[in-house]
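Here's the structure, in structure tokens; my notes come after.
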Amino acid sequence: MVAWGPAAERDNDLFVRLCLRSRWEAAALDEAAKMASQRRVDWSLLCEEVRAGGLAPLVYDVLRGSQWVPETAAACLRDSYYETATFAGVMSVELGYVLRLLEKAGLPVIVLKGAALGDTLYGNSALRPMTDLDLLLHDRDISAALDVLHRNGYRTTGVEVRTGHTLEYENELVVYSPGTPPMAVELHWRLLDSPFYQDRVGASWFWETAQPALVAGTGALVLGMEAAILHLSAHYVLHHRAQGVRWIYDIALLVESFGNDIDWQHVFDKAKEFELIYSIQVVVQQLVDDWQVAFPADVVSAATELTASEEEQRVVHLLLSEQRPVVQRFWSDLSTMSSWRRRSSYLLANLFPSPAYMQDRYDLHSRGLLPLAYPYRWALGLGEFLTTRRKEDDK
């Protein structure tokens, strides 16, 4: 009887990384097999972990046919692979349909993240699970895209804080396909959701460097390699807090597959321009330490020598704070906006949302309750702010 605990979890993590590294380093699979022979793999826990992390199809693809994998574990991984493949097929059909609708309407689209990587990087969409479809459009085309999708049965949910607020202050909105289960399609017009980065990371360079590709059986655009490195790195660090194997592995595989073709100086120059130096440095260091990625000469030292501005450091600290209650997020977003006009408009919209938003947000059954709903909203925000301040003072 083996007593599994934290050490087993660490061994499982190492085993998974070895399996995934074997896609570009054959010797890594030999190391994984050695770990299994030493009974350092908790197969039951491993299966749960890789399923939860969206890695089971990849691990199955690596281990299929390996005689040293227990049958129960092999069956678990195999079942997960085919479940994912089935859902990926449905998502691919949906993606192709949406791309053709938008193409017919004359609306250019860049396919992002998993929706693009499944076909263009992994060569098999079943190996890169995804729960939604991410598309980048020009901000001027969002209204037309929504009109096209609404006419074809897609729907949005919720009510805007004020008319035009979403396009001005957010970076995406979600539409849901008809049918069961509904598929989420995220329409982006900016690549990052922080107001600080919305002001600094313009979309024009990403459009200028986009490349044609075959995605979901349809001609489409995907990010160029340097743009993909920057976007995936920023998303991993700022959105996922530099956690989650699926997202860092996307970058590791991209670098290992195309590293010699990537213009790293251009990546670093853009990271400086967009104030994404911290994100790039974290990713490069993790790729070296955890994935033994072989970078071209001098890339790692060049990344290390970059210096994030004081403003970037301040914003990253705010974004990566352990707990960010709604009020704290609101004030940090407000403080990082680039102009007083944007700040005042954002503040007024959130203090005095439209009546339609208030009725939807607070489930008001009568418009007569509206005069009370606004003070209620302010009191909730003030209470949360004071509670947060007390917790900070107690530390």
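For what it's worth, this note's numbering labels the leading residue of the sequence shown as 943, then goes sequentially. The beta carbon of each residue, even a glycine, is placed where N, CA and C say it ideally should be. None of the values given here were measured: they were computed from a predicted structure.
Counting along the chain, the unbroken beta strand (DSSP E) around L1075 starts and ends at 1074-1078. Comparing alpha carbon positions, the residue from D1240, S1281, L1000 closest to L1063 is L1000. Taking 8 Å as the cut-off, the Cβ atoms of M1300 and L1306 count as close.
Non-local C-beta neighbours of V1209 in its own chain, meaning closer than 8 Å and more than five positions away in sequence, comprise E1168, I1171, L1172, I1222, ordered along the chain. The beta carbon of P1295 sits closer than 6 Å to those of V1103, all from its chain and outside the five residues before and after it, given in chain order. Per the C-alpha coordinates, the member of D1089, M1033, I1190 positioned closest to T1122 is M1033.
Remark: fewer than three beta-carbon pairs, one from each stretch, lie closer than 8 Å, so the segment 1186-1205 and the segment 1140-1158 are not flagged as touching. The shortest CA-to-CA distance from H1259 to any of V1179, F1237, A1239 is the one to V1179.
Judged by beta-carbon spacing, T1160 lies within the 8 Å limit of R1042, meaning their Cβ atoms are closer than that value.
The continuous alpha helix (DSSP H) containing E991 extends over residues 985-994.
Per the coordinates, the alpha-carbon of T1014 lies some 11 Å from the alpha-carbon of D1021. Counting C-beta pairs closer than 8 Å gives fewer than three between the segment 1002-1019 and the segment 1115-1130, which falls short of the contact rule. Between V1051 and L1163, the C-beta gap is smaller than 8 Å, which places the two residues in contact. Between E1253 and the set E1247, Y1288, E1215, L1312, the nearest pair of CA atoms involves E1215. Beta bridge pairing from DSSP links L1156 with G1161. Straight-line spacing of the CA atoms in G1323 and T1098 works out to 27 Å. Within the segment 1068-1127, the runs of alpha helix (DSSP H) that reach at least 4 residues and sit entirely inside it are, in chain order, 1084-1093, 1107-1111. Excluding residues up to 5 positions away in sequence, H1130, W1131, R1132, L1133, L1134, D1135, Q1140 lie with their Cβ nearer than 8 Å to the Cβ of N1113 in the same chain.
The beta-bridge partner set that DSSP reports for L1129 consists of L1077, L1115.
With a 10 Å radius around the Cβ and a threshold of 16 neighbouring Cβ atoms, T1028 comes out exposed. The alpha-carbon separation between Y1318 and R1332 amounts to approximately 21 Å. V1053 has L1077, V1164 as its beta-bridge partners, per DSSP. In the three-state reduction of the DSSP assignment, H1307 falls in the coil class, being assigned neither a helical nor a strand state. The criterion of a C-beta distance shorter than 8 Å is not satisfied by D1302 and G1095. Just measuring C-alpha positions, the residue of T1026, Y1316, G1060, W966 sitting nearest D1076 is G1060. The three-state reading of DSSP puts V1011 in coil, since its state is none of H, G, I, E or B.
The residues I1219, Y1220, in chain order, have a CB closer than 6 Å to that of A1250 in the same chain once the five nearest residues on each side in sequence are set aside. Listed in chain order, the non-local C-beta contacts of H1107 below 8 Å within the same chain comprise A1291, local neighbours out to five positions each way being set aside. In the structure shown, T1278 falls within a coil segment according to DSSP collapsed to helix, strand and coil.
Straight across, the Cα-Cα distance linking R1271 with D1203 is about 39 Å. Closest option to S964, judged by alpha-carbon separation, among W985, E1110, Q1234, L1314: Q1234.
Take the alpha-carbon of Q980 and the one of V1230: they are about 26 Å apart.
Distance from the CA atom of M977 to the CA atom of C989, rounded to whole angstroms, is 16 Å. Between L1088 and the set C1018, Y1118, L1019, Y1111, the nearest pair of CA atoms involves Y1118.
If you check the CB distance, L1078 and L1049 do not come in under 8 Å. Ranked by how close their Cα comes to the Cα of V958, the residues V992, T1026, A1068, D1211 have V992 in first place.
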